[in-house]
């Protein structure tokens with residue numbers, strides 16, 4: 004294995020230390036294992052906390068800042084954060100108005116966030132949980148009962164974060180997060196597997212002419228293994244999978260994320276965005292907003308995911324609202 | 004080869020079409036082969052044009068927009084843009100105040116930008132050229148006489164772009180671009196080679212325990228091939244190479260870019276930023292600003308480069324100035 008690491012056991016802590024050095028505007032607590040927005044807790048504001056296994060960067064710590072998350076708790080690579088860690092983050096940012104936990108639907112994450120919410124309740128902190136399960140590829144999977152949470156997490160964090168920033172109530176912020184999740188569908192294709200520092204070799208094997216269709220962000224198996232195909236056929240495949248699971252109405256404004264899984268060059272992601280947008284056009288769908296890049300990754304996996312969210316004026320307004328985080332930044 | 008492409012011959016055009024679909028705020032001329040800022044030419048403003056072979060995305064097209072480039076011309080993969088293309092971009096954005104060409108020091112780029120500048124001169128457009136040659140690894144290389152232009156290109160484009168945005172003269176904008184280049188040094192390490200769509204296989208071979216030290220952004224050979232080492236030793240190696248070539252004074256404010264070459268996860272880049280910042284601290288250097296991410300890439304190459312720029316108050320002010328491009332965005 005060749006990686007820019009020291010001891011594989013220290014990767015997450017050392018990456019957090021580097022994040023702290025690069026982003027003095029964040030409060031990084033390496034010992035407690037969380038990254039918080041500077042100035043938190045912010046009086047009167049509903050606080051947003053997310054987290055999950057490391058290896059999906061910039062998710063989640065790269066989305067901490069004004070207009071998005073108040074805190075993120077990175078677990079070990081592909082491993083849920085522990086309840087104490089989630090509780091510490093929750094305590095660090097709650098400001099009396101309640102805390103929203105944004106949780107990707109993996110068994111360990113769900114369990115540990117639930118325990119943290121119970122511990123927070125003992126401290127009289129009100130917690131609402133938004134479960135993200137947007138991946139329409141498979142119903143159950145290696146680490147999941149029900150659908151997996153993937154690319155829509157970014158949209159939930161951005162849109163709920165915007166509503167919290169402008170003073171939305173605990174109930175309203177949680178509600179809009181759930182709405183974004185319900186209105187979103189994702190589907191991914193992998194060309195290679197990612198390599199965790201601990202394993203030191205790719206998580207699964209794919210032949211030189213194969214792709215994993217419907218792959219999960221930890222390399223979980225998808226729907227099928229297929230022969231590699233030209234970009235326009237791959238685009239058709241992912242668009243049809245997404246629209247097949249969650250049809251969109253003609254003219255409905257969509258937020259579209261074409262997301263790299265870590266090892267795919269931006270040139271290919273843009274090429275695929277072109278193919279995907281054409282296919283969506285052909286289906287009568289209307290792209291109102293889009294984002295192309297590596298946002299919800301699986302280490303160095305070559306591959307991509309498509310996320311489509313059926314938006315409306317309010318969701319678009321919140322999507323457009325200013326955000327200032329290491330990985331997502333626009334507006335004032 | 005597994006890539007998200009159709010015909011390898013169409014990759015650059017199709018990626019440009021996708022860029023156009025994703026960024027309606029840019030003017031993408033797929034036929035003429037350039038990407039321009041919306042609203043260009045902007046009366047009275049010095050225009051900045053850059054370009055080079057494709058495969059280094061987001062460089063350069065991802066840096067087109069307010070506060071940075073007015074236009075970018077992507078050549079074929081690892082191939083210089085042709086003079087007509089550069090001329091078309093120059094004509095599209097010049098506004099009477101002159102045009103600055105920012106050119107990475109590769110033989111083909113230098114020659115083609117020179118021809119374009121002569122053609123522009125015939126149209127009575129004044130062109131100043133800023134040559135970027137920051138890579139201190141080797142003196143001459145596969146496609147270069149003299150030092151190669153790499154990571155500092157981002158800094159030159161950002162800082163000169165900020166000065167042009169606030170009304171700097173042609174001479175002043177070119178001058179500050181040259182100053183940034185002179186004050187910058189870069190050094191890269193590769194763990195794997197990138198794969199061009201045309202070749203379909205990695206550009207060079209590296210053993211499972213080897214790294215290429217001083218590699219170029221087209222996979223050009225560096226100083227030596229060495230055994231893979233822990234992150235902190237790699238950090239020492241790149242910091243020492245950079246400071247050895249261009250010493251910094253104690254307390255001098257530095258702009259530091261830790262740049263991924265395409266296939267290296269953000270987690271490792273942050274870990275390396277931590278190690279690099281510690282090593283710089285030990286050398287008495289002071290990081291005033293930093294940037295971590297995949298900005299000047301080599302397709303899917305696993306590796307990273309370090310760029311250090313000896314700044315001053317004026318360079319920091321221009322670095323901090325607002326920028327709004329697909330890949331770099333901050334401030335108003």
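Residue numbers (our numbering), protein chains in the order written: chain A, 4 to 335; chain B, 4 to 335. Heads up, the beta-carbon is just placed ideally off N, CA and C, and yes, glycines get one too.
Does the count of Cβ pairs from the region 31-51 of chain B and the region 281-294 of chain A closer than 8 Å reach three?
-> Output reads no: the region 281-294 of chain A does not touch the region 31-51 of chain B.
Beta-carbon spacing of residue 215 of chain A, residue 230 of chain A below 8 Å | The count along the first chain starts at 1 and reaches residue 215 of chain A at position 212. The count along the first chain starts at 1 and reaches residue 230 of chain A at position 227. At least 8 Å separates the beta-carbon of residue 215 of chain A from that of residue 230 of chain A.
Helix, strand or coil for residue 303 of chain B, going by three-state DSSP, please let me know.
-> Position 300 of the second chain, counting from 1, holds the residue named residue 303 of chain B. If DSSP states are grouped into helix, strand and coil, residue 303 of chain B belongs with coil.
Note down, in chain order, every chain A residue with its Cβ under 7 Å from the Cβ of residue 32 of chain B.
-> Along the second chain, read from residue 1 onward, the residue named residue 32 of chain B stands at position 29. For residue 32 of chain B, none of the residues of chain A pass the 7 Å Cβ criterion, the least Cβ distance being about 15 Å.
For residue 262 of chain B, which of helix, strand or coil comes out of DSSP?
-> Here residue 262 of chain B is taken as the residue at index 259 of the second chain, counted from 1. Reduced to three states, the DSSP call for residue 262 of chain B is strand.
From the DSSP output, in three-state form, read off residue 55 of chain A for me.
-> Against the first chain, residue 55 of chain A aligns to sequence position 52. Residue 55 of chain A: strand per DSSP, three-state reduction.
Neighbourhood of residue 116 of chain B by C-beta distance below 7 Å, restricted to the same chain and skipping five residues each side = On the second chain, residue 116 of chain B is found 113 positions in, with the first residue counted as 1. Here the set comprises 89, 104, 106 and 132.
From the DSSP output, in three-state form, read off residue 114 of chain A for me.
-> Along the first chain, read from residue 1 onward, the residue named residue 114 of chain A stands at position 111. Correct three-state label for residue 114 of chain A: helix.
Kindly give me the distance between the Cβ atoms of residue 60 of chain B and residue 269 of chain A, rounded to whole angstroms, as I take these residues to be in contact under 8 Å.
-> Counted from its first residue, the second chain places residue 60 of chain B at position 57. Counted from its first residue, the first chain places residue 269 of chain A at position 266. Indeed, because the Cβ distance is near 4 Å, the residues count as touching under 8 Å.
Since residue 171 of chain B contacts residue 49 of chain B with CB under 8 Å, what's their CB separation in whole angstroms?
-> Here residue 171 of chain B refers to the residue found at position 168 when the second chain is read from its first residue. Here residue 49 of chain B refers to the residue found at position 46 when the second chain is read from its first residue. Yes, they are in contact, since the Cβ atoms of residue 171 of chain B and residue 49 of chain B sit about 6 Å apart, within 8 Å.
Interfacial residues, the region 259-273 of chain A to chain B, with Cβ spacing under 7 Å | For the region 259-273 of chain A, the set of positions with a beta-carbon nearer than 7 Å to some beta-carbon of chain B reads 265, 266, 267, 268, 269, 270, 271 and 273 in chain order.
Are the C-beta atoms of residue 61 of chain A and some chain B residue less than 8 Å apart?
-> Position 58 of the first chain, counting from 1, holds the residue named residue 61 of chain A. At least one chain B Cβ lies under 8 Å of residue 61 of chain A.
For residue 22 of chain B and residue 36 of chain B, the rounded distance between their alpha carbons | As a working mapping, residue 36 of chain B is identified with position 33 in the second chain. As a working mapping, residue 22 of chain B is identified with position 19 in the second chain. The alpha-carbon of residue 36 of chain B is positioned some 12 Å away from that of residue 22 of chain B.
C-alpha distance - residue 281 of chain B paired with residue 239 of chain B, whole-angstrom precision | For the purposes of this step, residue 281 of chain B is identified with residue 278 of the second chain, where counting begins at 1. For the purposes of this step, residue 239 of chain B is identified with residue 236 of the second chain, where counting begins at 1. Going from the Cα of residue 281 of chain B to the Cα of residue 239 of chain B covers about 9 Å.
Residue of B:151, B:150 and B:86 minimising C-alpha distance to residue 120 of chain B | Translated into the one-based positions of the second chain, residue 120 of chain B becomes position 117. Comparing C-alpha distances from residue 120 of chain B to each of B:151, B:150 and B:86 shows the shortest one belongs to B:86.
Quick one: which chain B residues come within Cβ less than 7 Å of residue 280 of chain A?
-> Numbered from its first residue, the first chain carries residue 280 of chain A at position 277. Correct list: 24.
What residues from chain B crowd round residue 71 of chain A, counting only those whose CB sits closer than 9 Å?
-> On the first chain, residue 71 of chain A is found 68 positions in, with the first residue counted as 1. For the C-beta of residue 71 of chain A, not a single chain B residue is nearer than 9 Å; the gap to the nearest is close to 14 Å.
Name the chain A residues whose beta carbon is nearer than 7 Å to that of residue 293 of chain B?
-> Looking up residue 293 of chain B in the second chain gives position 290. Within chain A, the residues near residue 293 of chain B are 25.
Return helix, strand or coil for residue 190 of chain A, following the three-state DSSP convention.
-> Position 187 of the first chain, counted from the start, is the residue given in the question as residue 190 of chain A. Note: residue 190 of chain A maps to strand in three-state DSSP.
Same chain, Cβ closer than 7 Å to residue 122 of chain B, five either side skipped, listed in chain order = Taking the first residue of the second chain as 1, we reach residue 122 of chain B at position 119. The beta carbon of residue 122 of chain B lies closer than 7 Å to those of 86 and 90 in the same chain, with the five residues before and after it left out.
Residue 75 of chain A - DSSP class collapsed to helix/strand/coil = Locating residue 75 of chain A in the first chain gives position 72, counting from the first residue. Three-state DSSP puts residue 75 of chain A in a strand.
Identified DSSP bridge partners for residue 333 of chain B = Here residue 333 of chain B is taken as the residue at index 330 of the second chain, counted from 1. In DSSP, residue 333 of chain B forms a bridge with B:326.
Residue 250 of chain A: contacting residues in chain B (beta-carbon distance under 7 Å) | Taking the first chain and counting its residues from 1, one reaches residue 250 of chain A at position 247. Those within 7 Å of residue 250 of chain A in chain B number zero; the least Cβ separation is about 22 Å.
So who's on the other strand from residue 228 of chain B, going by DSSP bridges?
-> Reading the second chain from its first residue, position 225 is the one you call residue 228 of chain B. Per DSSP, the beta bridge partners of residue 228 of chain B are B:215.
Using a cut-off of 8 Å between C-beta atoms, extract the partners of residue 226 of chain B located in chain A.
-> Taking the second chain and counting its residues from 1, one reaches residue 226 of chain B at position 223. One finds nothing in chain A with a Cβ atom closer than 8 Å to the Cβ of residue 226 of chain B; even the nearest lies about 18 Å away.
DSSP on residue 257 of chain A, reduced to helix/strand/coil?
-> Working through the first chain from its first residue, we reach residue 257 of chain A at position 254. Three-state result, residue 257 of chain A: strand.
Would you list, in sequence order, the uninterrupted alpha helix (DSSP H) runs of no fewer than 4 residues that lie entirely inside the region 107-178 of chain B?
-> For the region 107-178 of chain B, whole alpha helix (DSSP H) runs of length 4 or above, ordered along the chain, are 110-125 and 155-168.
Have a look at B:206, B:205, B:169 and B:154 and flag the residue whose alpha-carbon is nearest the alpha-carbon of residue 184 of chain B.
-> Working through the second chain from its first residue, we reach residue 184 of chain B at position 181. Looking at the Cα atoms, B:154 is the closest of the given residues.
Have a look at A:247, A:284, A:58 and A:328 and flag the residue whose alpha-carbon is nearest the alpha-carbon of residue 196 of chain A.
-> The sequence position of residue 196 of chain A within the first chain is 193, counting from 1. Among A:247, A:284, A:58 and A:328, the Cα nearest to that of residue 196 of chain A is on A:58.
Keeping to the same chain, check which residues put their C-beta closer than 8 Å to that of residue 206 of chain B; ignore five residues upstream and five downstream.
-> Taking the second chain and counting its residues from 1, one reaches residue 206 of chain B at position 203. Once the five neighbours on either side are set aside, the close Cβ partners of residue 206 of chain B are 196, 197, 198, 199, 221 and 222.
Verify the CB distance criterion: does residue 166 of chain B have a CB-CB separation below 8 Å to chain A?
-> Here residue 166 of chain B corresponds to residue number 163 of the second chain, with the count starting at 1. Taking Cβ atoms only, chain A never reaches closer than 8 Å to residue 166 of chain B, which makes this a no.
Give the residues of chain B in contact with residue 108 of chain A, contact being defined as C-beta atoms less than 8 Å apart.
-> The residue labelled residue 108 of chain A in the question sits at position 105 within the first chain. For a Cβ distance threshold of 8 Å, nothing in chain B lies close to residue 108 of chain A: the least Cβ distance comes to about 22 Å.
Could you tell me which chain A residues have their CB closer than 8 Å to the CB of residue 57 of chain B, listed as they occur along the chain?
-> One-based indexing of the second chain puts residue 57 of chain B at position 54. The answer, in chain order, is 270.
Chain A contact for residue 128 of chain B (CB, 8 Å cutoff) | As a position in the second chain, residue 128 of chain B is number 125, starting the count at 1. By the rule that beta-carbons nearer than 8 Å mark a contact, residue 128 of chain B does not touch chain A.
Just checking my contact of residue 47 of chain A with residue 100 of chain A at CB under 8 Å: how many whole Å lie between their CB atoms?
-> Mapped onto the first chain, residue 47 of chain A falls at position 44. Mapped onto the first chain, residue 100 of chain A falls at position 97. Indeed, because the Cβ distance is near 6 Å, the residues count as touching under 8 Å.
Three-state secondary structure (DSSP) of residue 37 of chain B = Reading the second chain from its first residue, position 34 is the one you call residue 37 of chain B. Here residue 37 of chain B sits in strand by DSSP.
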